[in-house]
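Student:
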Amino acid sequence: MIPFTLKTVPARRGSAWARQGFAVFFKRPMVFAALFAVFMFMVFALALLPWIGSVLLLALLPMVTLVFMLATKAALAGELPTPAALARPLRMDRPRQLAMLKLGAIYAGATFAILALSDAVDGGAFDALMEALPDVQTKPEVFNAAL
C-alpha cells in the first residue's frame, strides 16, 4: 500500500491544485474516464437495490475517493491506473479496512442525519421538490406547485 501524508496548504493553492488535477487527467483521460464509468455503473447497480443501495452507495463514497487518489498517484508515477484499482482498498491491511468501513458508516450516517434535519427544518419542501423533478420535463406545473 502506498502511504499518504496529508499536508495543510493555504486556500490560495486551490486554483493550482485544480490545474494540476486537470493536467493529471489529460495525461490519461481514457483511464480516468473508464474509472468514472465503472463507478457510475456501480451507482446505477446500487440504485436498483431499494433503501440498502442508497446506504451502500453513501458508505462506499470515501473508498471511491481513495481509489481516485490512488489512481492519480499511480498516473503521476508514470504507471497505468486501471479499473482494477477499485479493488485496491479492499486489499489493504485489516486496520485500514476497518478504518475505511468506519469512515463510510460515519459518512452515510451523517448524510442521513443532515437529510433528516433538513426535512425537519423545511417541513418536507425539499422532498416535494425532489419528487417533482422527474415530472418537470413532461409537466412543468408540477414543479411550480412543489415550490
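The sequence shown begins at 4 in this note's numbering and counts up one residue at a time. Idealized CB from N, CA, C, for every residue including glycine.
1. Nearest by alpha-carbon distance to V46: which of S57, V34 and P32 is it?
2. Is the separation between the beta-carbon of D122 and that of F115 shorter than 8 Å?
3. When DSSP labels each residue in this structure, what does W54 get in the three-state scheme?
4. Is it right to say G192 is buried, meaning 16 or more other beta carbons lie within 10 angstroms of its own, or is it exposed?
5. Which whole-angstrom value describes the C-beta separation of L49 and L59, a residue pair presumed to lie in contact below a C-beta threshold of 8 Å?
6. Please look up how many angstroms separate the CB atoms of V67 and F42, rounded, as I've assumed it's under 8 Å.
7. Check the Cβ-Cβ distances between F71 and every residue of chain B, and say whether any is below 8 Å.
8. Given a cut-off of 8 Å on the beta-carbon distance, is the pair L61 and A111 in contact?
9. With DSSP as the reference, label T75 as helix, strand or coil.
10. From A135 to G126, what does the alpha carbon distance come to, in whole angstroms?
11. Give the straight-line distance between the Cα atoms of G81 and V124, rounded to the nearest whole angstrom.
12. At the level of alpha carbons, what is the spacing between R22 and M103?
13. Between which two residues does the alpha helix (DSSP H) harbouring T160 extend?
14. Nearest CA to the CA of L101: which residue from V12, P13, P65 and A19?
Tutor: To lay it out plainly:
1. Here the question's residue 46 lines up with position 43 in the sequence shown. Across the set S57, V34 and P32, the C-alpha of S57 shows the shortest separation from the C-alpha of V46.
2. Mapped onto the sequence shown, residue 122 falls at position 119. Mapped onto the sequence shown, residue 115 falls at position 112. Contact annotation: D122 and F115 have beta-carbon atoms that are not nearer than 8 Å.
3. Locating residue 54 in the sequence shown gives position 51, where the first residue counts as 1. W54: coil per DSSP, three-state reduction.
4. The requested residue 192 is not part of the displayed model; the chain covers only 4 to 150.
5. Indexing the sequence shown from 1 puts residue 49 at position 46. Indexing the sequence shown from 1 puts residue 59 at position 56. Correct: roughly 5 Å between the Cβ atoms.
6. On the sequence shown, residue 67 is found 64 positions in, with the first residue counted as 1. On the sequence shown, residue 42 is found 39 positions in, with the first residue counted as 1. Taking a contact as a CB-CB distance under 8 Å, the pair V67 and F42 counts as one, their CB atoms being some 6 Å apart.
7. Absence of chain B from the displayed structure is noted, only one protein chain being present.
8. Working through the sequence shown from its first residue, we reach residue 61 at position 58. Working through the sequence shown from its first residue, we reach residue 111 at position 108. The answer is yes: Cβ separation under 8 Å.
9. Position 72 of the sequence shown, counted from the first residue, corresponds to residue 75. Correct three-state label for T75: helix.
10. Stepping through the sequence shown from its first residue, residue 135 is reached at position 132. Stepping through the sequence shown from its first residue, residue 126 is reached at position 123. Rounded to whole angstroms, A135 to G126 spans 16 Å at the Cα level.
11. Walking along the sequence shown from the start, residue 81 turns up at place 78. Walking along the sequence shown from the start, residue 124 turns up at place 121. Distance between the alpha carbons of G81 and V124 is about 50 Å.
12. For this step, residue 22 is matched to residue 19 along the sequence shown. For this step, residue 103 is matched to residue 100 along the sequence shown. Annotation: R22 to M103 spans about 28 Å, alpha carbon to alpha carbon.
13. Outside the displayed span of the chain (4 to 150) sits residue 160, for which this structure offers no information.
14. Your numbering for residue 101 matches position 98 in the sequence shown. If we check each option's Cα against that of L101, P65 comes out closest.
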